[in-house]
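Numbering (the working numbering), first residue to last: 19 to 121. Glycine included, each C-beta is placed from N, C-alpha and C at the ideal position. Just so we're clear, the structure is a prediction, and the values are computed from it rather than from any experiment.
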């Protein structure tokens with residue numbers, strides 16, 4: 019899907035890791051939410067509360083889920099999931115344009 023229709027967007031940006039990750043929260047009429055943002059080249063660790071589906075729109079990144087040894091590469095058009103109450107490391111090789119869906 020190229021766009022979200024009939025949604026609300028929080029004006030205040032979510033800025034993490036000294037500006038290396040910037041997103042906005044999108045609220046859907048059914049009560050679900052996601053964030054739409056970018057991660058600039060860096061290596062970061064994100065903690066999750068609820069399960070997440072990360073949809074990579076553009077860019078290239080390497081991801082390692084908590085307790086895993088190996089990194090997996092994702093690029094535009096690919097997705098990965100992260101369990102709730104967990105974490106993942108992400109190394110952005112090229113600036114990543116993403117949508118994070120909270121389940």
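- With distances taken Cα to Cα, identify the nearest neighbour of residue 31 among 72, 53, 84. The count along the chain shown starts at 1 and reaches residue 31 at position 13. If we check each option's Cα against that of residue 31, 53 comes out closest.
- For residue 55, which residues does DSSP report across the bridge? The residue labelled residue 55 in the question sits at position 37 within the chain shown. Residue 55 pairs with 41, 116.
- Item | residue 105 versus residue 80: straight-line alpha-carbon distance, rounded | Mapped onto the chain shown, residue 105 falls at position 87. Mapped onto the chain shown, residue 80 falls at position 62. Answer to the nearest angstrom: the Cα atoms are 14 Å apart.
- Message: On the DSSP bridge list, what partners appear for residue 72?
- Response: By 1-based counting over the chain shown, the position of residue 72 is 54. Looking at the DSSP assignment, residue 72 forms a beta bridge with 98, 118.
- Task: Count the other CB atoms, across all protein chains shown, that sit within 10 Å of the CB of residue 90; report buried if there are 16 or more and exposed otherwise.
- Result: Counting from 1 along the chain shown, the entry for residue 90 is found at position 72. Answer is exposed; the Cβ neighbour count stays below 16.
- Message: On the criterion of 16 or more Cβ atoms from any shown chain inside 10 Å, does residue 86 qualify as buried, or is it exposed?
- Response: What you label residue 86 is simply residue 68 of the chain shown in a count that begins at 1. Residue 86 should be labelled exposed.
- Environment of residue 61 [buried if 16+ CB atoms lie within 10 Å]: Locating residue 61 in the chain shown gives position 43, counting from the first residue. Result: exposed.
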